[in-house]
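Undergrad:
Numbering (this note's numbering), first residue to last: 454 to 745.
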């Protein structure tokens, strides 16, 4: 759809305020506004088509967050099957990287705080801005409240090792491929625990890897239990190469909960290899051109 040939401007707000610890909250809202006869109407940004999330990817030395991992697409698909009411949910994502998963959850109506270390914030912010431009609000009531994008995502610096606690209560905490190095397990578990309240649902997903010193699933689960968390293996998905991707749910220990402590029994794959759900990454992520 073409925008009418009128004076079109882009309004951008960047809010920076200190949060406990050294975290910096960066909230970005972008809107293309068409001004005509004293009124404001929205129109899609140039080149914006479809309902897909488009992100930039960057390969950086010593950093793995610049890539949209296949497990992210699989987790996004699986999260639609766990009974979460995404509309209006407050979601905290750990290790957001490119921001692709945070933006997908925002498409479902969630209010997402996407976090990562300082070195990844530039890429994360650019991708959030890019997609907020592509999905502007059109409802006058939302615009009157200052909401200018359908994608409610803010970016916050969060270093797990600094003991930062972000304010507020979270309905859902998600993390995908955040278990790449086992030396960060203690700080990751502590970060999850500090942001977990009664009723918070936590979903952590990772692809099976066997390198020494990398993924040690048993160690992570033991540390999570020691911190007062319990777990349930929700499903095992499969990549296009038939590599297992595990999706666990965690929560505060409560004898009345359906979650349990102890070693989880592997569930059968949620989706067979080469199924539509298993190959969601191939259709939604690999087609994203780098550098565009």
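The C-beta atom is built at its ideal place from N, Cα and C for all residues, glycine as well.
Tell whether a beta-carbon distance below 8 angstroms holds between residue 520 and residue 510.
TA: Locating residue 520 in the chain shown gives position 67, where the first residue counts as 1. Locating residue 510 in the chain shown gives position 57, where the first residue counts as 1. With contacts defined by Cβ atoms closer than 8 angstroms, residue 520 and residue 510 form a contacting pair.
Undergrad: So, are the CB atoms of residue 531 and residue 690 less than 8 angstroms apart?
TA: One-based indexing of the chain shown puts residue 531 at position 78. One-based indexing of the chain shown puts residue 690 at position 237. Against a cut-off of 8 angstroms, the Cβ pair of residue 690 and residue 531 comes out as a contact.
Undergrad: Looking only at C-alpha atoms, which of 550, 646, 655 and 560 sits nearest to residue 616?
TA: Translated into positions along the chain shown, residue 616 becomes position 163. The candidate whose alpha carbon is nearest that of residue 616 is 646.
Undergrad: Mind listing, in chain order, the continuous beta strand (DSSP E) runs of no fewer than 3 residues lying wholly within the region 551 to 584?
TA: 564 to 569
Undergrad: My assumption, with CB atoms under 8 angstroms, is that residue 621 sits in contact with residue 561. Please give the rounded CB distance.
TA: Within the chain shown, the letter at position 168 stands for residue 621. Within the chain shown, the letter at position 108 stands for residue 561. Actually they are not in contact, since the Cβ atoms of residue 621 and residue 561 sit about 19 angstroms apart, beyond 8 angstroms.
Undergrad: What residue range does the alpha helix (DSSP H) around residue 670 cover?
TA: Translated into positions along the chain shown, residue 670 becomes position 217. 670 to 679 is the extent of the alpha helix (DSSP H) around residue 670.
Undergrad: At the 8 angstroms Cβ level, is residue 702 part of the contact set with chain C, yes or no?
TA: You won't find chain C in this structure, because it holds only one protein chain.
Undergrad: Going by C-alpha distance, which of 591, 576 and 539 is nearest residue 549?
TA: Here the question's residue 549 lines up with position 96 in the chain shown. Out of 591, 576 and 539, 576 has the C-alpha closest to the C-alpha of residue 549.
Undergrad: Mind checking who residue 690 pairs with in its DSSP beta bridge?
TA: What you label residue 690 is simply residue 237 of the chain shown in a count that begins at 1. For residue 690, which the question treats as bridged, DSSP gives the partners 698.
Undergrad: Determine the burial state of residue 585: buried for a count of at least 16 other Cβ atoms within 10 Å of its Cβ, exposed for fewer.
TA: In the chain shown, counting from the first residue as 1, residue 585 sits at position 132. Buried.
Undergrad: Can you tell me whether residue 508 is helix, strand or coil according to DSSP?
TA: To locate residue 508, count along the chain shown from 1; it is residue 55. Three-state result, residue 508: coil.
Undergrad: What do you get for residue 591, buried or exposed, if any count of 16 or more other CB atoms within 10 angstroms of its CB means buried?
TA: Position 138 of the chain shown, counting from 1, holds the residue named residue 591. Residue 591 is exposed by the Cβ-count criterion.
Undergrad: Determine, using beta carbons only, whether residue 553 and residue 627 come nearer to each other than 8 angstroms.
TA: Residue 553 sits at position 100 when you count from the first residue of the chain shown. Residue 627 sits at position 174 when you count from the first residue of the chain shown. Going by C-beta atoms, residue 553 is not nearer than 8 angstroms to residue 627.
Undergrad: Can you check DSSP and say which residues form a bridge with residue 543?
TA: Translated into the one-based positions of the chain shown, residue 543 becomes position 90. 564.
Undergrad: State yes or no: is the C-beta of residue 791 within less than 8 angstroms of the C-beta of residue 654?
TA: In this structure the chain extends from 454 to 745, so residue 791 is not present and cannot be described.
Undergrad: Taking the straight line between their C-alpha atoms, what separation do you get for residue 593 and residue 546?
TA: In the chain shown, the residue the question calls residue 593 occupies position 140. In the chain shown, the residue the question calls residue 546 occupies position 93. Cα to Cα, the separation comes out at about 29 angstroms.
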